[in-house]
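Just below is one structure, and these are the notes that go with it.
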Amino acid sequence: MRRAFAHTLTELAHKDPRIVLMTADLGFMVLEEFSEAHPDRFFNVGVAEANMVGLATGLAASGFIPFIYSIATFASMRGYEQIRNGPVLHELPVRIVGVGGGFEYGHAGITHHALEDLALARVQPGLTVIAPGDHRQAAAALTDTYQLPGPIYYRFGKRDDYELPRLDGRFRLGRTEILQEGDDLLIITLGALSSEAVLAAQLLGNQGIQTTVALVSSLQPAPWDDIQSLIGKFPVALTVEEHYPEGGLGSLVCEIAAGIGASCRVIRCAVGMPPGSCFGGERYLREANGLTGQGICATALKALGVHDA
Amino acid sequence: MNQPAAHIEAEGSLVSTAKKIRKIIIEESKRANVGHIGSALSIADIIAVIFRNELRLTGTDDPSRDRFILSKGHAALALYAALHLEGILTEDQIQTYCKDGSMLGVHPEHRLRGIDFSTGSLGNGLSIGAGTALAARMKGLDYRTFVLVSDAECNEGALWETVMFAAHQKLSNLVAIVDDNGQQALGKTKDVLDLQPLAEKWDAFGWEVHVTDGHDTTCLREVFSGLDTALGKPKVVICKTVCGKGVSFMEGKVAWHYLPLSDEQYLQALGEIEEAPFV
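Keeping their order, the protein sequence lines are chains A and B. Under this note's numbering, the first residue of the first sequence is numbered 641, with each subsequent residue one higher. Under this note's numbering, the first residue of the second sequence is numbered 295, with each subsequent residue one higher.
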């Protein structure tokens, strides 16, 4: 997704002179396409994220559309107060680009694992929050939203080498995208981990359990109507996200279920390990938190009261 | 080169403007029964010179207007007073200071005409100002960005991120003003977190440094009018000031960072300001 972001932004910037890209000294082998095509609109501000948010606030107030780029932890948290008092308070079109949410930076450890970025972003009024499911959707989401008047937080995954089935790059702000339909179970998924949710649905299908998989890429504005409609049809819904259970997609679905008095039981598949428990690669950490296709499948079977065959 | 402000004022008028600003600070803080009086009095002369002699097109939406950011937002009453004297805030508006439902709080709010950015959290105004200064250069506009920070605000690490960036980018059109009154909320700056030598620090970070008496309008006028913001390094004007300047019982007293005025103190403060021939 990060390469799709860099390529799409480079193309957009050819047509739109308002686009500026800033990085806090990250983006090796990712941002070169932009920096070479638009050197006068590319700034490496050094390892100084808080300053980068302030700079972007000043630029946005002066008619530019600044994108500020870093690993998702640093992009979302180091300058959080500056984001709150800058682009959010002033309703300015600053685009905060957080790369590699969840466990995508695997062995780098907990300092590089953004597991609460969506919760932090979602509580800021007027801050659009977008977490695409694959690189084609990332490109579409960027093209579709970059001109919005207010601020945006994008959580882009690192990988560009897979596509979610039947998504075909669709993106609609404030809506869900249905990846497959089934009558027995609802899985609501978000971001790069969605490939595991799709795998879980396949494994469940092998056992005769037909699953609807709904992808949420627009966390704010939330797809309230779509989710309300979906959870009204199922007794059990699983939410799947590479994030702590609190504040992200699972919380959103619970808020909607509680808000409408739905009878649907919501089970949040999320990161349960205490921070800093151990080092490991992305795959290992997903497994340890029950967030692989097999792990999600097992959680679903348990929720449905079905023993794994 | 930059065009001069529309209304370059003579010395006596600048002193008079600063006196009017101080009078408004005392009257409105008493009416609202709020503090931060010392901090506002500390910058009255700086604000008078900046607003009367330097800022162009204040209160308009003109893209080429000079920007002013009061990064030490807790002194907003001095800013409101200047905007009132410029005819941007009405008498009715300024009398809503700290009333429920007002847009005039202890810290400034950008929805008010004449205020580009809301502030109140220290250490962040300079980075926004560096952003507007960078935007001016990218757009080929000659406006300047002035950012007024407190000395204790230089405790904030984020400020120094911007100091480095502005020097690296040679943002000659960015002017930082330090209200160097040597006081902060709980004590003298030299006792809380010693900043000195402050001028040498900014110089070492690559800025063009000027040090002046922050209560002498002649010195202030000469320093600001002499800045060549079209060329060279970013500029910092370190203004040596006294917290509570103009009111004898407040001057240099840490408590007046927060205290409101009693009736007796109010009358004395107003009397001293009105009688002072040269604050």
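Backbone N, C-alpha and C define an ideal beta-carbon position, used for all residues, glycine too. Fair warning: this is a prediction, and the values are worked out from it, not measured in the lab.
Exercise. Is the beta carbon of Val-728 of chain A sitting closer than 8 Å to the one on Leu-767 of chain A?
Worked result: Counted from its first residue, the first sequence places residue 728 of chain A at position 88. Counted from its first residue, the first sequence places residue 767 of chain A at position 127. Result yes, Cβ atoms of Val-728 of chain A and Leu-767 of chain A sit closer than 8 Å.
For this session: Have a look at Met-913 of chain A and His-753 of chain A and give me their C-alpha separation to the nearest angstrom.
Result: In the first sequence, the residue the question calls residue 913 of chain A occupies position 273. In the first sequence, the residue the question calls residue 753 of chain A occupies position 113. Distance between the alpha carbons of Met-913 of chain A and His-753 of chain A is about 12 Å.
Exercise. Would Asp-410 of chain B count as contacting chain A if we go by Cβ distances under 8 Å?
Worked result: As a working mapping, residue 410 of chain B is identified with position 116 in the second sequence. Interface residue, yes.
Exercise. What span of residues does the alpha helix (DSSP H) with Asp-656 of chain A cover, start to end?
Worked result: Against the first sequence, residue 656 of chain A aligns to sequence position 16. Premise fails: Asp-656 of chain A is in no alpha helix (DSSP H) and is neither H nor E.
Exercise. Helix, strand or coil: which one does DSSP assign to Gln-842 of chain A?
Worked result: Locating residue 842 of chain A in the first sequence gives position 202, where the first residue counts as 1. In the structure shown, Gln-842 of chain A sits in a helix (DSSP, three-state: H, G or I).
Exercise. Is the stretch 875–889 of chain A touching the stretch 908–928 of chain A in the sense that three or more CB pairs, one from each, lie closer than 8 Å?
Worked result: Contact holds between the stretch 908–928 of chain A and the stretch 875–889 of chain A, because three or more Cβ pairs, one in each stretch, are under 8 Å apart.
For this session: Any chance you could list the beta strand (DSSP E) runs of at least 3 consecutive residues sitting entirely within the stretch 653–695 of chain A, in chain order?
Result: Listed in chain order, they are 659–663, 682–684.
Problem set entry | Pairwise C-alpha distance: Leu-859 of chain A and Gly-887 of chain A | Here residue 887 of chain A is taken as the residue at index 247 of the first sequence, counted from 1. Here residue 859 of chain A is taken as the residue at index 219 of the first sequence, counted from 1. Rounded to the nearest angstrom, the two C-alpha atoms are 11 Å apart.
Problem set entry | Contacting positions in the stretch 426–440 of chain B - beta carbon closer than 9 Å to chain A | Result list: Thr-426, Ala-427, Leu-428, Ala-429, Ala-430, Met-432, Lys-433, Leu-435, Thr-439.
Exercise. Which residues in chain A sit within 7 Å of Ala-338 of chain B, going by Cβ to Cβ distance?
Worked result: For the purposes of this step, residue 338 of chain B is identified with residue 44 of the second sequence, where counting begins at 1. Chain order gives no chain A residues near Ala-338 of chain B, where near means a beta carbon separation below 7 Å; the closest approach is about 26 Å.
For this session: Please confirm if Glu-447 of chain B has its CB atom under 8 Å from at least one CB of chain A.
Result: Working through the second sequence from its first residue, we reach residue 447 of chain B at position 153. Not a single C-beta of chain A is nearer than 8 Å to the C-beta of Glu-447 of chain B.
For this session: Using 10 angstroms around the beta-carbon of Val-573 of chain B, count the other beta-carbons present and answer buried if the total reaches 16, otherwise exposed.
Result: Start at 1 with the first residue of the second sequence, and residue 573 of chain B comes out as number 279. Unreliable positioning characterises Val-573 of chain B in this predicted model, as indicated by a pLDDT of 43, which lies under 50. The coordinate reading is nonetheless provided below. Residue environment analysis places Val-573 of chain B among the buried positions, since at least 16 neighbouring C-beta atoms fall within 10 angstroms of its C-beta.
For this session: Find the residues of chain B that neighbour Ser-592 of chain A, judging by a C-beta separation of less than 8 Å, and give them in chain order.
Result: As shown, chain A starts at 641 and ends at 949. That puts residue 592 of chain A outside it, with no answer to give.
Problem set entry | Nearest neighbour of Gly-538 of chain B, chosen from B:Ile-302, B:Glu-303, B:Ser-323 [CA to CA] | Reading the second sequence from its first residue, position 244 is the one you call residue 538 of chain B. Cα-wise, what sits closest to Gly-538 of chain B is B:Ser-323.
Problem set entry | Under 8 Å between C-beta atoms of His-509 of chain B and Ser-333 of chain B | Residue numbering aside, residue 509 of chain B sits at position 215 when the second sequence is read from its first letter. Residue numbering aside, residue 333 of chain B sits at position 39 when the second sequence is read from its first letter. Not in contact: His-509 of chain B and Ser-333 of chain B (Cβ atoms no closer than 8 Å).
For this session: Alpha carbon to alpha carbon, how far is Gly-423 of chain B from Arg-724 of chain A? Give it in angstroms, no decimals.
Result: Position 84 of the first sequence, counting from 1, holds the residue named residue 724 of chain A. Position 129 of the second sequence, counting from 1, holds the residue named residue 423 of chain B. Rounded to the nearest whole angstrom, the CA to CA distance from Arg-724 of chain A to Gly-423 of chain B is 17 Å.
Exercise. Terminal residues of the continuous beta strand (DSSP E) containing Leu-819 of chain A?
Worked result: In the first sequence, counting from the first residue as 1, residue 819 of chain A sits at position 179. 816–820 is the extent of the beta strand (DSSP E) around Leu-819 of chain A.
Exercise. Near Arg-658 of chain A, which residues of its chain fall below 6 Å by C-beta distance, leaving aside the five closest residues on each side in sequence?
Worked result: Mapped onto the first sequence, residue 658 of chain A falls at position 18. Once the five neighbours on either side are set aside, the close Cβ partners of Arg-658 of chain A are Phe-704, Ile-705.
Exercise. Hey, how far is the Cα of Asn-296 of chain B from the Cα of Glu-348 of chain B?
Worked result: Position 2 of the second sequence holds residue 296 of chain B. Position 54 of the second sequence holds residue 348 of chain B. Annotation note: pLDDT 44 at Asn-296 of chain B (below 50); position unreliable, coordinate value reported separately. Distance between the alpha carbons of Asn-296 of chain B and Glu-348 of chain B: 10 Å.
Exercise. From A:Glu-744, A:His-647, A:Gly-790, A:Gly-686, pick the residue whose C-alpha is nearest to that of His-678 of chain A; which is it?
Worked result: Your numbering for residue 678 of chain A matches position 38 in the first sequence. Of the listed residues, the one whose Cα sits closest to His-678 of chain A is A:His-647.
For this session: Could you name the residues of the same chain whose beta carbon sits closer than 6 Å to that of Ile-388 of chain B, not counting the 5 residues immediately before and after it, in chain order?
Result: What you label residue 388 of chain B is simply residue 94 of the second sequence in a count that begins at 1. Taken in chain order, the residues that qualify are Tyr-374, His-378.
For this session: Use the C-beta contact count for Arg-405 of chain B: other C-beta atoms within 10 angstroms, 16 or more gives buried, fewer gives exposed.
Result: Here residue 405 of chain B refers to the residue found at position 111 of the second sequence. So Arg-405 of chain B counts as exposed.
Exercise. Any Cβ of chain A within less than 8 Å of the Cβ of Tyr-560 of chain B?
Worked result: Position 266 of the second sequence holds residue 560 of chain B. False, the Cβ-Cβ gap to chain A never drops below 8 Å.
For this session: List in chain order: all unbroken alpha helix (DSSP H) runs of 4+ residues lying wholly within the stretch 753–814 of chain A.
Result: Counting only runs of at least 4 residues, the stretch 753–814 of chain A fully encloses the following alpha helix (DSSP H) elements, listed from N- to C-terminal order: 757–762, 775–785.
Problem set entry | Neighbour-count burial assignment, Ile-341 of chain B, 16 or more Cβ in a 10 Å radius | Translated into positions along the second sequence, residue 341 of chain B becomes position 47. Here Ile-341 of chain B is buried, its C-beta having at least 16 other C-beta atoms within 10 Å.
Problem set entry | Spatially closest choice to Pro-402 of chain B from B:Val-517, B:Glu-568, B:Phe-362, by CA coordinates | Reading the second sequence from its first residue, position 108 is the one you call residue 402 of chain B. Proximity to Pro-402 of chain B across B:Val-517, B:Glu-568, B:Phe-362 peaks at B:Phe-362, based on C-alpha coordinates.
Exercise. How about Gln-448 of chain B and Leu-383 of chain B: do their beta carbons lie closer than 8 Å?
Worked result: Mapped onto the second sequence, residue 448 of chain B falls at position 154. Mapped onto the second sequence, residue 383 of chain B falls at position 89. Checking the sequence, you will find Cys at residue 448 of chain B rather than Gln. Contact annotation: Cys-448 of chain B and Leu-383 of chain B have beta-carbon atoms that are not nearer than 8 Å.
Problem set entry | Which of helix, strand or coil DSSP assigns to Val-573 of chain B | For the purposes of this step, residue 573 of chain B is taken as the residue at position 279 of the second sequence. Residue confidence for Val-573 of chain B is low, a pLDDT of 43 falling below 50, so the modelled location carries little weight and cannot support an answer.
Exercise. How far does the alpha helix (DSSP H) with Leu-335 of chain B in it reach, from first residue to last?
Worked result: Within the second sequence, numbered from 1, the residue matching residue 335 of chain B stands at position 41. In the DSSP annotation of this structure, the continuous segment of the alpha helix (DSSP H) that includes Leu-335 of chain B starts and ends at 331–336.
Exercise. Does Ser-519 of chain B come within less than 8 Å of chain D when only Cβ atoms are used?
Worked result: As a matter of chain content, chain D is missing from the structure shown, whose protein chains are A and B.
For this session: Reducing DSSP to helix, strand and coil, say where Ile-907 of chain A ends up.
Result: Your numbering for residue 907 of chain A matches position 267 in the first sequence. In the structure shown, Ile-907 of chain A adopts extended strand secondary structure according to DSSP, grouped into three states.
Exercise. Can you give the Cα-Cα distance for Lys-482 of chain B and Asp-473 of chain B, rounded to whole angstroms?
Worked result: Start at 1 with the first residue of the second sequence, and residue 482 of chain B comes out as number 188. Start at 1 with the first residue of the second sequence, and residue 473 of chain B comes out as number 179. In a straight line, the C-alpha of Lys-482 of chain B is about 14 Å away from that of Asp-473 of chain B.
Problem set entry | Any C-beta of chain A under 8 Å from that of Thr-483 of chain B | Along the second sequence, one-based indexing puts residue 483 of chain B at 189. Chain A, which has no Cβ nearer than 8 Å to the Cβ of Thr-483 of chain B, makes this no.
Exercise. At a Cβ threshold of 8 Å, is Asn-467 of chain B touching chain A?
Worked result: Numbered from its first residue, the second sequence carries residue 467 of chain B at position 173. Interface flag for Asn-467 of chain B against chain A is unset, since no Cβ pair is found closer than 8 Å.
Problem set entry | Residue-level contact to chain A via CB, Ala-563 of chain B, 8 Å cutoff | Position 269 of the second sequence, counting from 1, holds the residue named residue 563 of chain B. Taking 8 Å as the threshold, the shortest C-beta distance from Ala-563 of chain B to chain A does not fall below it.
For this session: Could you tell me whether the stretch 912–932 of chain A touches the stretch 779–786 of chain A, where touching means 3 or more Cβ pairs closer than 8 Å?
Result: In the pairwise beta carbon analysis, the stretch 912–932 of chain A is classified as not touching the stretch 779–786 of chain A: fewer than three pairs are separated by under 8 Å.
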